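Comments concern the structure below.
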Amino acid sequence: MNYSNVFVILFLAGTFYDFFINHLLEFIDWSFRKKHGTEVPKELEGHVDSEKLKQVCAYEDAKYFFWIPKNIVNLAISLVLVLSGFYVWVFNLSWDWTSNVYLTILLFVFLSSIPSTVLMIPFKLYREFKIEKKFGFSNMTLKIYILDSIKETLVSLLIVVPLILAAVAFIGHFEKLWWLYFGLVYLAIALGLSYVYPIWVAPLFNKFVPLEDGELKEKIEVLFEKTGFKTSGIFTMDASKRSNHS
Numbered sequence: 640m641n642y643s644n645v646f647v648i649l650f651l652a653g654t655f656y657d658f659f660i661n662h663l664l665e666f667i668d669w670s671f672r673k674k675h676g677t678e679v680p681k682e683l684e685g686h687v688d689s690e691k692l693k694q695v696c697a698y699e700d701a702k703y704f705f706w707i708p709k710n711i712v713n714l715a716i717s718l719v720l721v722l723s724g725f726y727v728w729v730f731n732l733s734w735d736w737t738s739n740v741y742l743t744i745l746l747f748v749f750l751s752s753i754p755s756t757v758l759m760i761p762f763k764l765y766r767e768f769k770i771e772k773k774f775g776f777s778n779m780t781l782k783i784y785i786l787d788s789i790k791e792t793l794v795s796l797l798i799v800v801p802l803i804l805a806a807v808a809f810i811g812h813f814e815k816l817w818w819l820y821f822g823l824v825y826l827a828i829a830l831g832l833s834y835v836y837p838i839w840v841a842p843l844f845n846k847f848v849p850l851e852d853g854e855l856k857e858k859i860e861v862l863f864e865k866t867g868f869k870t871s872g873i874f875t876m877d878a879s880k881r882s883n884h885s
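Just so you know, our numbering puts the end of the sequence shown at 885, numbered straight through with nothing missing.
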């Protein structure tokens with residue numbers, strides 16, 4: 640690894656800058672919360688439960704003290720993978736196995752994502768099954784967690800693989816304007832996802848049922864009529880099997 644390479648220098652500078660800025664902002668937030676987090680503003684006295692406010696602060700503190708080691712480990716992983724030449728080795732290995740530019744890039748992205756993905760699993764499990772359950776926010780079971788992870792992976796592959804293939808194709812055929820064509824494709828996919836997500840993706844994870852007739856539904860329908868918004872139905876989402884967050 641050539642540590643004097645301008646891209647390596649920019650990567651290191653950007654990585655450490657992002658790391659320290661995030662930690663500084665989180666520390667400022669925690670310091671303010673420690674001093675004033677449980678104080679109920681005069682304007683909200685009688686409307687905010689001080690005990691619940693203390694619970695909120697305790698929850699945010701737990702997430703903060705969990706986030707610190709997670710972020711440090713994430714930084715260490717990134718530095719080791721880049722400075723050790725891991726990505727170069729994986730790319731060369733992918734090319735040796737496939738000798739095809741499209742398959743090489745796909746294999747490279749898959750293999751290079753394995754270390755960080757695997758090493759972050761304990762942190763995800765701790766966050767979900769320790770912190771969230773401690774404060775009564777999680778109803779997640781290990782079975783649902785595993786099934787959701789599989790679904791998320793499959794959905795991500797359906798989105799990421801076409802984007803990667805499109806990027807490689809545009810770079811190969813349009814050397815100067817590849818970024819423009821790829822940007823248009825990315826925009827089209829992003830807009831398409833805004834339509835596809837609530838219809839096909841979201842129901843994979845949570846249950847949707849039509850909103851019952853009543854005052855709320857009538858007010859929503861009136862709002863739709865005023866704004867000219869067309870809809871095939873109004874639904875409520877039941878995420879109670881996974882979370883108690885409202």
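All C-beta atoms in this analysis are idealised placements derived from N, C-alpha and C, irrespective of residue type, glycine included.
Please read these numbers as outputs of a predicted model, since none were measured by experiment.
Asked: Cβ-Cβ distance between Phe-847 and Phe-868 below 8 Å; Found: no
Asked: Per-residue DSSP class, three states only, for Phe-874; Found: strand
Asked: CB contact flag (Leu-797, Ile-828, <8 Å); Found: no
Asked: Reference Phe-704, options Glu-678, Phe-666, Ser-871, Asn-713, closest by Cα; Found: Phe-666
Asked: Exposure label - Glu-851; buried when at least 16 CB within 10 Å; Found: exposed
Asked: Where Leu-786 falls, given that 16 or more other Cβ within 10 Å makes a residue buried; Found: exposed
Asked: For Glu-767 and Ser-777, believed in contact at Cβ under 8 Å, the rounded distance; Found: 6 Å
Asked: Contacting residues, own chain, Cβ-Cβ under 8 Å from Ala-697 (five flanking each side not counted); Found: Phe-774
Asked: Beta strand (DSSP E) runs wholly inside the stretch 786-870, at least 3 long, in chain order; Found: 846-849
Asked: Nearest-angstrom beta carbon gap, Ile-770 and Lys-880 [assumed within contact, 8 Å]; Found: In fact, because the Cβ distance is near 19 Å, the residues do not count as touching under 8 Å.
Asked: Close Cβ partners of Phe-658 (< 6 Å) along its chain, the five nearest in sequence each way excluded; Found: Leu-714
Asked: C-alpha distance - Asp-700 paired with Trp-669, whole-angstrom precision; Found: 7 Å
Asked: Local conformation of Ser-882 per DSSP, three classes; Found: strand
Asked: Counterpart residues of Ser-777 in DSSP-defined beta bridges; Found: Ser-882
Asked: Local conformation of Gly-724 per DSSP, three classes; Found: coil
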